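I have placed the structure first, in the form of structure tokens, so that the comments after it can refer back to it.
Residue numbers (the working numbering): 31 to 207.
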């Protein structure tokens, strides 16, 4: 029988120390991972909140414009599809009927994509009026007037419809004014 003089204890202590330092190392790695994951989750939640807020604000600003655009398209399309005799009863003036037809032709030529572009232009025009930027050196008066014309085009359709409706027997009950 051999006597244990404690030399194995030294090996055990080293193993214990190595194991403890391994646990410390793994603990630091886990802590770093949790910190990183927490940071990324916080960043993601912040971005989601900002996107949601932007969507909510954009929706509030655009829903009435879209509703009015649909109203203009719907009223002008409905009138254009009616027989001439019924059009004459609803809109007595030949000039007003011709203007309704021109409005229909003009509105129906605007695609959904173009309408979104017009809305975007109008929105940006309103933004630039609120927060004017210095004029660019390369902008010409023709480009500027074309841009302003596009800005007012979408709004112009609804204004034109309002004027034409005043000279007709057509009543439109709109939820948005």
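The beta carbon of each residue, even a glycine, is placed where N, CA and C say it ideally should be.
Small disclaimer: the values here were computed from a predicted structure and weren't measured.
- Looking at 82, 140 and 74, the one whose alpha-carbon comes closest to that of residue 103 is 140.
- Nearest to residue 142 by alpha-carbon distance, out of 99, 114 and 199, is 99.
- In the DSSP assignment, residue 126 falls within the alpha helix (DSSP H) that extends over 124-138.
- Distance from the CA of residue 125 to the CA of residue 204, rounded to the nearest whole angstrom, comes to 25 Å.
- From the listed residues 74, 56 and 185, the smallest Cα separation to residue 137 is found for 185.
- Judged by DSSP secondary structure, residue 148 falls within the alpha helix (DSSP H) whose first and last residues are 142-160.
- Residue 203 sits in coil when the DSSP states are folded into three classes, being neither helix nor strand.
- If you draw a straight line from the Cα of residue 135 to the Cα of residue 129, it comes to about 10 Å.
- A distance below 8 Å separates the beta carbons of residue 198 and residue 120.
- When 78, 75 and 133 are compared, the shortest CA-CA separation from residue 193 is found for 133.
- Secondary structure of residue 121 (DSSP, three-state): coil.
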